[in-house]
Amino acid sequence: MKQKLTEQLQTRFGFFLFAVVLFWLKTYFAYHTAFSLGVDGWFQQLILFINPIATTLLILGISLFVKNPKKGFRSLIALYMLNSVLLFANIVYYREFTDFLTIKTIFGSANATKNLGSGVIAMMQPIDLFYWIDAFVLVYVYKKFVSKNRDERIFKKRWAFATIAASIALFAANLGLAEISRPQLLTRTFDRNYIVKYLGINVYTLYDGIKTAQANQVRASADSSDMASVLDYMSTHYAEPNETYFGQAEGKNVVYIHLESMQQFLIDLSLTDETGTTAEVTPFLNSLYHSSDSYSYSNIFHQTGQGKTSDAELMLDNSLFGLPQGSAFTQIGADNTFQSAPAILSESFGYTSAVFHGNVGSFWDRDNVYKSFDYDYFFDADSSYTLTDENSVEYGLKDKLFFQESAQYLEQLPQPFYAKFITVSNHFPFPEDEMNNTFALDTGDETVDGYFNTVHYADEALAEFFQYMKDAGLYDNTIFVLYGDHFGISSSRNETLAPLIGANADLWSAYDDAMMQRVPFIIHNPGSGTGQISDVYGGQIDILPTVMHLLGVDTSTYVQLGQDLLSAQNEGIVVFRNGSIVTSEYTILGNTVYHTQTGTLAYQTEEVIQKVAEIRAQAELQLAISDQIINGDLLRFYTPDGFMPVDKSLHNYVDSPVELEEDIAELGDLNTSLYYTNNGVSSVPLYQTDAPEFPANKAAAEGTVTEEQPASEETQAEGQTETVE
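Numbers in our numbering are just positions in the sequence shown, counted from 1, shifted up by 208.
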C-alpha cells in the first residue's frame, strides 16, 4: 500500500491531487478557526465545505500545463505557496480588522504598510503554525519521495484542460447552491463575509478585483469639468427652505431610527389576532404620527435598489441614490468622497456622530463606508454588543435589547449628537419568536403572520426607547427622524395581505404595487407644536435637506439631489431606481400611466403625453446626475466654502466603546455628554424593558433576583401603552 501511494505521489496528477486535498482541508480549517462567517445549518455547512475545491483545482491546475516535469512539480509548489500567502494574509488581516483584504489594500502601498506592515508580527498567534504545517508537509513529501524518483513523462494537455473544465463545472455547481441559500449573491453583495462563506476567498479576491477595476476605470476618466453639469443641475433644482421651519430644531440632538421593512399601510392599521382581540399593530408609531410635535408624511416612498438598506442609508446621509445594480456601499462607497450629514454637522455645529447596529460591522461594508461619511463612532456586534441564540435574530440583536444596551453608549456621547439606530427585528423572513409573540395572527401565511408580529414587537421597542429618552432628560432636546427603509411584504403575498389592509387581491394592479412602496416618515420635534400630516409626494432622497433646514443648516452650496419637503418649491417628483415615477398627478410605470389619486389608467391624450415626457425627463436627469457623481467620485473635485473634506484615516471602529472612553477623557470639563452633566450618574438604570431575554427579567422569572441585578418593574412598561400628544 505504501509503495503504491508513493508511486502515485511521484506522478504529476497524483502529487497535484495530494496538494489539492491539503489546501482544501487547510482552508476549511481556517474557515472555522480564523473567521466568523455566520454559518447556519447543514446546507450552509455543506457549501462551506465544498467551496475551496473548485478554485484550488483551477489555481493549482495551471501547473499541469508546464511541460517540463521538474518545473511542473516546482510550479505547483510555488502556486500552493502563493495561495497560502493569500489565505494567511486574510487570516491576519481579519484578526485585526474583522474583514477580508481588498485589492486596494493589497496594492495600495500606504494602506498596506499601515495595516499589514510593522504590526503583523504582533498579530501572530500560536495557532498560525497550523496554517503552514500543510506547506511544510507538501515540501517534505516532494523532497523525500518525489524529487529523485518523479515521473518524467510529459503531462498531456488534454488532461490539464479536463482538470480546468472540472474546476469550472464544480464552481458552477457551488454557485448554484449558493444562489439557493442566498439569491443575488454577486449582484447585491451584502457582505464580504457572504462571498467567502459561499464561494471562498479566491473567488472573493477575484470578484473584488473586477469590481475595483471597473470602478477605477470610471473614476479615472472623470475630471473636474464633469462637475459643471452637476452644479448647473443644482442651481435649478435646489428648493429654498421654508422660513417658518428653518432652524426650528437648531442645536438639538438628532436621532435617526431606521424602521426595518416598515411600510406606510401599517399606520393606523388595526387587526384581530388569533385570540379575537382587535388592536392597533403599531400603537406607539401611530401616536407619533398624529402628534402635534410631528411632521408626518403619508406619501413618502422608499427609493432603494438592489442595495436595499444600504441604499436607504446613502440617501439619508448624502441625498444621493444607490446604483442601478448592486450596492454603492459595497462597490465604491468606502473609497468615494462624500459631504455627508455627520461631516456637515460636525464642522458647522460641533456635532458628535455615531451609528448603533446590533449586527456585524462588515455587513454592507458599513465599517469602511462610515469612515467616508465621517461618523465618529460605530457601535456594532463586533465591538459593542454580545449576540447569543436567545437575544438575537438572523440579522442581529433583537430591538428591545438593542435599544437598551445602546443606552450605555448614547449617554456618553458629547452633545449635540447625530445618532443613527439601525433596527433588525422586523427583517424578512420575520421568524416566529415564542418569547415575543405578542401579536399572533393566523392567516395561513407564516410570513405575513410573522411580519405583523415582528412589526408590533418593533413598535413596543420604540415605545420603551422613547420613554427612556424622556426619563433620562434627552427627549426635549432631541429631534427624532423615523423612516422605513424599504418594503417588507412582497407582491407574492397579496392574496393574504390584501384583505388585511382593505384591498382586493383580484383587482390588484401594478399601480397598487407602486403604492405599496410607501414607507413611514416622521420628524418628531418635541415642543414644536406645529406638527402636521402632509400628503406631499416625496422620497428618501428628500429627507436630508428637510432635516438640515430644520437644524438651521444652509444647504445651498452642498450637492444634495433631494428637495426640502417643507419647501414651497418642492416639485414632488419621486423616481424609483428602476425608472418608475410617482407624482401627485401621475404614476408612471414603464409605458403605462395611472392617475395617482384614483389608480385608474390615464388616457394618452396629447396633454398627458407631454406632461409625462416632462416628468420623465426630470426624473431620469436626477438619476443620471446621481450616477455621474457616484461612479466618477465627482465630489473630490468640489468642496463647498467652509467645508473640510473628510479624512477617513481619523476613524477606526475596531473598538468604539474604548475610543469613546479615551476621547471623552481628553475633553475634561468640555464634556457635554449626559453622563458627565449628571455628575457621573448613569441613566441606564432608568431604562425599563419587558424583554424576557433581559437578564434582570429573566432572573425575576426564574426567581433568582439579586441586589446587584434588580428586575425590571413588574408593572407593564410605561412605553408600551404611552402615546405622544
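Ideal placement from N, C-alpha and C gives every residue a C-beta, glycine not left out.
Taking one beta carbon from each stretch, the region 486–499 and the region 425–445 have fewer than 3 pairs nearer than 8 angstroms; the two do not touch.
Rounded to whole angstroms, residue 559 and residue 344 show a C-alpha spacing of 55 angstroms.
Here residue 363 really is in contact with residue 280; their C-beta atoms are around 6 angstroms apart, less than 8 angstroms. DSSP places residue 502 inside the beta strand (DSSP E), whose first and last residues are 502–509. Taken in chain order, the whole beta strand (DSSP E) runs of length 3 or more contained in the region 605–679 are 625–630. Membership of residue 840 in the alpha helix (DSSP H) is indicated by the continuous run 814–840. Taking C-alpha positions only, residue 673 is separated from residue 612 by approximately 7 angstroms.
Residue 657 and residue 807 have their alpha carbons spaced roughly 28 angstroms apart. Around the C-beta of residue 409, 16 or more other C-beta atoms lie within 10 Å, and the residue is accordingly described as buried. Cβ contact annotation for residue 718 (same chain, cutoff 7 angstroms, sequence separation greater than five): 797 and 800, in chain order.
As far as DSSP is concerned, residue 400 takes part in no beta bridge. The straight-line gap separating the alpha-carbon atoms of residue 264 and residue 696 is approximately 40 angstroms. In this model, residue 602 and residue 339 are separated by some 31 angstroms (Cα to Cα). The beta-carbon distance between residue 453 and residue 757, rounded to whole angstroms, is 7 angstroms. This is short enough to meet the 8 angstroms contact definition. Under the 10 Å beta carbon count, residue 240 is surrounded by fewer than 16 other beta carbons and is classified as exposed. Within the same chain, and ignoring the five residues on either side of residue 877 in sequence, no residue has its Cβ closer than 7 angstroms to its Cβ. Between the alpha carbons of residue 426 and residue 468 lies a distance of about 33 angstroms. Each residue's CA atom was taken as its position, placing residue 234 and residue 299 some 12 angstroms apart. For residue 426, the uninterrupted alpha helix (DSSP H) segment begins and ends at 409–429. Secondary structure of residue 746 (DSSP, three-state): strand. When 294, 895 and 221 are compared, the shortest CA-CA separation from residue 366 is found for 221.
Residue 471 and residue 881 do not touch by the CB rule: their CB atoms are close to 36 angstroms apart, not below 8 angstroms. For the 8 angstroms CB-CB criterion, residue 755 and residue 731 form a contact. Each of 777, 607 and 587 was checked against the Cα of residue 869, and the nearest Cα belongs to 587. When DSSP states are grouped into helix, strand and coil, residue 539 belongs to the helix group. If the five residues before and after residue 461 are omitted, its C-beta is found closer than 8 angstroms to the C-beta atoms of 623, 624, 625, 626, 627, 682, 685, 686 and 687, all from its own chain and listed in chain order.
In the DSSP secondary-structure assignment, residue 562 is bridged to 585 and 627. Assignment of residue 759 by DSSP, reduced to helix, strand and coil, places it in the coil class. For residue 478, the three-state secondary structure derived from DSSP is strand.
Between residue 421 and residue 407 the beta-carbon gap is near 19 angstroms, outside 8 angstroms, which marks them as no contact.
Taking a contact to require three or more Cβ pairs closer than 8 angstroms, the region 372–379 and the region 213–232 do not qualify as touching. Within the DSSP secondary-structure output, residue 803 pairs in a beta bridge with 794. As summarised for the region 374–400, the continuous alpha helix (DSSP H) elements at least 4 residues long and confined to that stretch are 393–396, given in chain order.
Boundaries of the beta strand (DSSP E) harbouring residue 688: 686–692, taken from the DSSP string.
Cα atoms of residue 617 and residue 865: separation of roughly 7 angstroms, rounded to the nearest angstrom. In this structure, the beta-carbon distance from residue 578 to residue 568 does not fall below 8 angstroms.
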